[in-house]
Amino acid sequence: MKAFAALLDALAFAPQRNAKLRLLQRYFRETPDPDRGYGLAALTGTLTFPHAKPALIRSLVGTRTDPVLFALSYDYVGDLAETAALLWPAEGEASTPPPLARVVATLGCADKAQLPGQVTAFLDALDESGRFALLKLITGGLRVGVSARLAKTALAELGSVDVAEIEELWHGLKPPYGELFAWLEGRGARPTGHHGLGFRPMMLATSLAEAELDALDPADFAAEWKWDGIRVQVTARGGEARLWSRTGEDITRAFPDVVARMTFDAVLDGELLVVRDGVVAPFNHLQQRLGRKTVGAKRLNEYPAAIMVYDLLMENGEDLRPRPMEQRRRRLEAWTRQLSLPQVALSPLVAFSTWDDLAGMRAAARDDGIEGLMLKRWDSDYVPGRPKGPWFKWKRAPLTVDCVLMYARRGHGRRSSFYSDYTFGCWQEDNGVGRALVPVGKAYFGFTDAELAELDRWVRAHTMERYGPVRAVRPELVLEIACDSVHPSARHKSGLAMRFPRVQRIRWDKPAGEADTVEALRALIARV
Amino acid sequence: MEANRPDRDDPLQVTADRRQEPPTRLLPTWLKLTGQGLWCEPGGFFVDPGRAVARAVITHGHADHARAGHDHVLATPETVAIMQARYGDRAGRTLEALPCDQIRRIDGVSVRFVPAGHILGSAQVVLEHAGTRVVVSGDFKRRADPTCDPFEPVPCDLFITEATFGLPVFRHPPDAVAVDRLLTSLNTFPDRAHLVGAYALGKAQRLIALLRQAGCDRTIWLHGALVRLCDLYRDRGVPLGDLALCSGGRRKDMAGEIVLCPPSALADRWSRGFPDPVIAMASGWMQVRQRARQRGVELPLVISDHADWDQLTETIRDVGAPRVLVTHGQEDALVHWARGIGVEADALSLTGYADEGE
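Quick note, the sequences are listed as chains S and W, same order.
Quick note on the numbering used here: the first sequence kicks off at 19 and runs consecutively.
Quick note on the numbering used here: the second sequence kicks off at 243 and runs consecutively.
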């Protein structure tokens, strides 16, 4: 438990990805089995406990502390696990802290009546960071800035294997992952896992710089529409199906409509979209379905989800990934022809002969569900990761708006001394009294380091007020903001939200009074 | 210059200000809460006034307690020296040094300083008048500190206590934990500069002294804002070992070195140009992870010059006062606790005192 607690503490404060990787590797290298395996399970979110829940923490704290003092403390700290860890008045002699494996076994035990006594004994035996780690296991969501992917990346580097290999195996493995560690340390064979329903690491595209086209032969490439949804993978076998996000999160339970009646044996790559009567809805409709564990009937009905498939990775147990795109595409077309599921459609190819043709089609595509084009080499294998060359994404030209900088916030990590996060606004008529700026979005990239330094200087020289790490600046600087689309939003004062906003140019030359109006921005909302 | 000074204390002004303050029945009639701070009527002086006044009694040298421009200042010799170092000619027209445990009578009021253990020269103010003894704690801590005299509890009728860390979540671990953390990080990351944010007066010198106690005898590098106060501590007999100014040109050479700076410098342009810096901060606030994370701190060092919850409650028991007033900080919890043990307690809103290190 001590090593795991120390790891969580260190991760919570490590600002950069590389520092986090080093900490994870040290933990995996130096911690014995089975503790490190349970640590890995906690970091990847694979531990759940049937009876150990946040309510247990509240009731235990209630037995030892004054409720008023607890309420005031919770209010100040803002995190249940941390408040309880700091506040817990330990009783009795300090004893040897329990190993993580025993803590996990105890929390997972089915005997609800014994749990309070056992957790109390743990809390008394542990120091503050130990208590924090224990309570975080119970509340779930460690919030130390480590994704499952990052934990696996650390493992991969530890064993000098590709992270894709670990992803491939992952879904056949269970805590405490003894087999996996043995393999990574060269003490055992590669775990076989189970390949039927597991997630296969995805192949990703790089962004196309238009100058690159000159060197490419159009005949070598297939073109497809780039759908404005989320990338998913379907794995189905033996009457069961799973839906995976791009990073390998299992999102099956939130999309029962998508996986319904999938009785085939295949692994598919495609785009998750909201589709009504064959028409793809804008991305913000899909957002109504994302980030949920489960979904109600009303939402299912209002926002029906479907998949536009564009690749076939496995068919009836045969691995098609080493085959070229051309063959996989032919197999996919044949496969979809004999399928009759309304929620699965084949993403069509876009026929073209020259890059100019294609550029014209890309410019003309104003369909809500389309973000641009994908270019895939006919001879490309399906390889995990983001190799440069075989696949390109060629996004539609962004929308641009001239906005006025209103607030700047200090950044983190490498940017910790710079005002690097910008809130900008557009003009709105103020009941005929005049015009006022209304915030319409935030952006924190799109500029070079040199431009950042200039912006930072400008912010410091034009500050009107400070609120902690935020400065309100004089409304005098125009930023040209690019975004992929604009959507109505009830949560924002301006009534709209931008998708993927970034600073395209700093308009040092433009008077703030000539920036765009909220009305002009609203006119860009995708017609629904 | 004279015209720019804040208004002198004016009795009429005091009366006017009083209307806005909540009445506090726990104060004796000869002590009043005013817009400028705590006012002792028969003695004609303020304790730690927030603006320039005619007569001020000062508990310690932090800027939110010791302001510039008073006519007459009464403080410990160390605090007088700190005010002179910080304010020069503006430290006060007359500066009267009163060593701890000596009594000074001011118009029928007995005034005595007793060590508060907060920083060099910090003192509690013990006021006696009309058979009542009131102790104003100022900022204090109970933990041993190699740079100042330890806090002494003084039995009294009314104890006016600070409550910067007045919540039971604040229980500061031993100082050795933080020192060890810093030295371990230095070993783990010998190629990174360790920038440690520490309040320029008190915290910086204490951290240096703690490092020396732990056997660390390397050169410790200082931001320019710390140099004068470190010199002052040394002149007053606090050994700090080998210190050097980290000038702009040297930043790139600071890999594997400890560089102390005021907390504000961590987020400022000053912090650029160091080799892959580890951002550390020495403060009691570092105990709350979110607080540390908000400030972008990678290496939080819990070292506090204020009493934590256990010390605050222990002190209220030690002084045995039947009445307690709780000022700047988290008053509510400590008032609640004190009432729970049968002490009459209220919050006393003295404005203008800053969070530590902010």
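The C-beta atom is built at its ideal place from N, Cα and C for all residues, glycine as well.
- Residue S/Val-504 holds the alpha-carbon nearest to the alpha-carbon of S/Glu-389 among S/Leu-104, S/Thr-481 and S/Val-504.
- The beta carbon of S/Ala-200 sits closer than 7 Å to those of Gly-206, all from its chain and outside the five residues before and after it, given in chain order.
- Only Ile-521, Gln-529 and Val-530 from the stretch 517-530 of chain W bring a Cβ to less than 8 Å from some Cβ of chain S.
- For S/Gln-446, the three-state secondary structure derived from DSSP is strand.
- In the DSSP annotation of this structure, the continuous segment of the beta strand (DSSP E) that includes S/Glu-483 starts and ends at 481-485.
- Interface residue (Cβ-Cβ distance to chain W less than 7 Å): S/Leu-173 is not classified as such.
- Check the Cα spacing between S/Glu-336 and each of S/Arg-255, S/Ser-147 and S/Ile-75: the tightest is with S/Arg-255.
- S/Asn-449 and W/Pro-564 have their C-alpha atoms roughly 60 Å apart.
- Within the model, the alpha-carbon separation for S/Phe-88 versus W/Met-528 is close to 20 Å.
- When C-beta distances to chain W are compared with 7 Å, the residues of the stretch 86-106 of chain S below that value are Val-86, Leu-87, Leu-90, Ser-91, Tyr-94, Val-95, Gly-96, Asp-97, Glu-100, Thr-101, Leu-104 and Leu-105, in chain order.
- Among the residues of the stretch 22-48 of chain S, those with a Cβ less than 7 Å away from any Cβ of chain W are Ala-30, Phe-31, Ala-32 and Pro-33, in the order of the chain.
- The alpha-carbon of S/Lys-170 is positioned some 17 Å away from that of S/Glu-48.
- Contacts with chain S (Cβ-Cβ distance below 9 Å) from the stretch 568-585 of chain W involve Gln-572, Asp-574, Ala-575, His-578, Trp-579 and Gly-582, listed in chain order.
- Between the C-alpha atoms of S/Glu-242 and S/Glu-230 there is a straight-line separation of about 18 Å.
- By the C-beta criterion, the stretch 515-534 of chain S is judged to be in contact with the stretch 484-500 of chain S, since at least 3 inter-stretch pairs fall below 8 Å.
- One finds nothing in chain S with a Cβ atom closer than 9 Å to the Cβ of W/Gln-553; even the nearest lies about 15 Å away.
- Among the residues of chain S, those whose CB is under 8 Å from the CB of W/Ala-534 are Phe-31, following chain order.
- When C-beta distances to chain S are compared with 9 Å, the residues of the stretch 410-425 of chain W below that value are Pro-410, Val-411, Phe-412, Arg-413 and Pro-415, in chain order.
- With a 10 Å radius around the Cβ and a threshold of 16 neighbouring Cβ atoms, W/Pro-341 comes out exposed.
- Note on geometry: alpha-carbon atoms of S/Leu-455 and S/Asn-302 lie some 25 Å from one another.
- Judged by DSSP in its simplified three-state form, S/Arg-317 adopts helix.
- Interface with chain S (7 Å Cβ-Cβ cutoff): W/Ala-509 is included.
- The way I'd put it, the stretch 347-361 of chain W does touch the stretch 281-293 of chain W; three or more beta-carbon pairs between them come closer than 8 Å.
- Annotation: W/Leu-269 has no Cβ neighbours in chain S at a cutoff of 9 Å; minimum Cβ distance is about 25 Å.
- Contact between the stretch 159-175 of chain S and the stretch 59-66 of chain S is present: 3 or more CB-CB pairs across the two stretches fall below 8 Å.
- The criterion of a C-beta distance shorter than 7 Å is not satisfied by S/Ala-223 and S/Phe-370.
- At a cut-off of 7 Å, the C-beta of W/Glu-540 has a neighbouring C-beta in chain S.
- Straight-line measurement puts the Cα of S/Leu-29 at about 15 Å from the Cα of W/Arg-423.
- According to DSSP, W/Phe-393 shares a beta bridge with no other residue.
- The distance from the Cβ of S/Thr-210 to that of S/Arg-271 is about 27 Å, inconsistent with a contact at the 8 Å cut-off.
- Listed in chain order, the non-local C-beta contacts of W/Pro-517 below 6 Å within the same chain comprise Ala-435 and Ala-497, local neighbours out to five positions each way being set aside.
- Apart from sequence neighbours up to five positions away, the residues of its chain that approach S/Ser-263 with a beta-carbon distance below 6 Å are Ile-269, ordered along the chain.
- By the neighbour-count criterion, in which a residue is buried when 16 or more other Cβ atoms sit within 10 angstroms of its Cβ, S/Ala-37 is buried.
- S/Ser-77 sits exposed, since fewer than 16 C-beta atoms from the chains shown fall within 10 Å of its C-beta.
- Rounded to the nearest whole angstrom, the CA to CA distance from S/Ala-352 to S/Asp-238 is 22 Å.
- Nearest to W/Gly-373 by alpha-carbon distance, out of W/Leu-362, W/Leu-400 and W/Ser-379, is W/Leu-400.
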